[in-house]
Ligand code: SF4
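Written out as structure tokens, the structure is:
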């Protein structure tokens, strides 16, 4: 049984312009001690997917229309016998891209961490403040006793992110969802935060779901990678499979757009031309059709099902069909 299993998740938002189908049948699972990275460009539905399983989608305008989210085999969406509040925040915790907008500027860092401990763990104010200092020390914040009495504006970006991680880990969660945790940080601090997360994972055997658009971060952190496009996971596999045997043209395009240290100095990055489809009325066939250099007539009308390349690797693309003319003629060589 997977620690967290998401199946066929659909999320929509009602707006003045119509209904946006932001997440369209997303499914993944993550086990203890494993890191799953969900990658894709802005607006592809990665954050909405994880926010919906954390109960963070405001209804209205958003709503989960279909799907299942199981934690240790127990359904947590729409299950009256499960107290979602008990699982979210304690068993499953989340950290965000911009800690400054998530922390309360009028409360000290120590009080904010201790509030979490009092609410979820029932600790007294004194006990929770002692634990808050311990957590800040664990996050390698120097002089944690003094720092716990300071306000968010007195912290650097890296220290704020460490404080957010301390707050998320306060209840010793089994799963940490990290939504672009290093995007707002410079590369040195980014490296320190990623190292910290890896060490904490090794220590707690915690699962991490990492949301990012940075393939460098993925290569460093992930065991499994799910590539999202237009509200769907279009390719999923182990980190090696996605980086060395990527099959979907979108994944191949993402890799080509990434700088590498082997590319010639004068070599140009290859951008993916075009824009994602309008999710007010998603295309009936492949969502990547309008941008795909290998698109065939069938792709426009018929949605590709997942084609398995191995037990851990699938791609939703007609190019993986044995009789695909692009492959038969040798036109497509990822
Ligand atoms: Fe391109 Fe067709 Fe594959 Fe979609 S299904 S990625 S349009 S080849």
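Residue numbers (the working numbering): 119 to 452.
Every residue gets a Cβ at the ideal spot worked out from N, C-alpha and C, and that includes glycine.
Report the partner residues of residue i according to the DSSP bridge assignment.
{"i": "residue 122", "result": "148 and 189"}
{"i": "residue 434", "result": "In the DSSP output, where bridge partners are listed per residue, residue 434 has none listed."}
{"i": "residue 325", "result": "293"}
{"i": "residue 139", "result": "130"}
{"i": "residue 346", "result": "351"}
{"i": "residue 182", "result": "129"}
{"i": "residue 155", "result": "328 and 343"}
Taking only heavy atoms of ligand 1 into account, decide whether any of them is closer than 7 Å to the Cβ of residue i.
{"i": "residue 372", "result": "no"}
{"i": "residue 439", "result": "no"}
{"i": "residue 414", "result": "yes"}
{"i": "residue 398", "result": "no"}
{"i": "residue 394", "result": "no"}
{"i": "residue 131", "result": "no"}
{"i": "residue 422", "result": "yes"}
{"i": "residue 480", "result": "In the structure as shown, the chain starts at 119 and stops at 452, and residue 480 therefore has no counterpart that could be examined."}
{"i": "residue 367", "result": "yes"}
{"i": "residue 162", "result": "no"}
{"i": "residue 407", "result": "yes"}
{"i": "residue 289", "result": "no"}
{"i": "residue 410", "result": "yes"}
Using the C-alpha atoms, what's the distance from residue j back to residue i?
{"i": "residue 131", "j": "residue 410", "result": "27 Å"}
{"i": "residue 329", "j": "residue 260", "result": "28 Å"}
{"i": "residue 173", "j": "residue 204", "result": "12 Å"}
{"i": "residue 220", "j": "residue 214", "result": "8 Å"}
{"i": "residue 187", "j": "residue 386", "result": "42 Å"}
{"i": "residue 245", "j": "residue 283", "result": "19 Å"}
{"i": "residue 148", "j": "residue 121", "result": "6 Å"}
{"i": "residue 159", "j": "residue 252", "result": "37 Å"}
{"i": "residue 250", "j": "residue 232", "result": "6 Å"}
{"i": "residue 73", "j": "residue 156", "result": "The structure shown has nothing for residue 73, since the chain only spans 119 to 452."}
{"i": "residue 414", "j": "residue 368", "result": "15 Å"}
{"i": "residue 399", "j": "residue 277", "result": "42 Å"}
{"i": "residue 210", "j": "residue 442", "result": "42 Å"}
{"i": "residue 144", "j": "residue 166", "result": "11 Å"}
{"i": "residue 317", "j": "residue 287", "result": "13 Å"}
{"i": "residue 418", "j": "residue 407", "result": "6 Å"}
{"i": "residue 331", "j": "residue 361", "result": "14 Å"}
Grab me the residues of residue i's own chain with a C-beta within less than 8 Å of its C-beta, minus the 5 sequence neighbours each way, in chain order.
{"i": "residue 341", "result": "152, 153, 154, 356 and 357"}
{"i": "residue 491", "result": "Residue 491 lies beyond the range of the chain shown here (119 to 452); nothing can be said about it."}
{"i": "residue 338", "result": "312"}
Going by beta carbon distance, what residues of the same chain come within less than 7 Å of residue i, once the five residues before and after it are set aside?
{"i": "residue 300", "result": "308, 311, 312 and 335"}
{"i": "residue 390", "result": "371, 375 and 409"}
{"i": "residue 226", "result": "266, 267, 268 and 269"}
{"i": "residue 238", "result": "207, 208 and 289"}
{"i": "residue 184", "result": "126 and 128"}
{"i": "residue 140", "result": "129, 130, 131, 163, 166, 349 and 397"}
{"i": "residue 222", "result": "230"}
{"i": "residue 439", "result": "425"}
Short of 6 Å in beta carbon distance, which residues of its chain neighbour residue i, apart from the five on each side in sequence? Order them along the chain.
{"i": "residue 175", "result": "169"}
{"i": "residue 366", "result": "352, 353, 433 and 435"}
{"i": "residue 295", "result": "168, 212 and 327"}
{"i": "residue 217", "result": "278, 279 and 282"}
{"i": "residue 304", "result": "none"}
Give the DSSP-derived three-state secondary structure of residue i in the structure shown.
{"i": "residue 388", "result": "coil"}
{"i": "residue 209", "result": "coil"}
{"i": "residue 300", "result": "coil"}
{"i": "residue 317", "result": "helix"}
{"i": "residue 195", "result": "coil"}
{"i": "residue 425", "result": "strand"}
{"i": "residue 259", "result": "coil"}
{"i": "residue 356", "result": "strand"}
{"i": "residue 416", "result": "helix"}
{"i": "residue 219", "result": "helix"}
{"i": "residue 397", "result": "coil"}
{"i": "residue 243", "result": "helix"}
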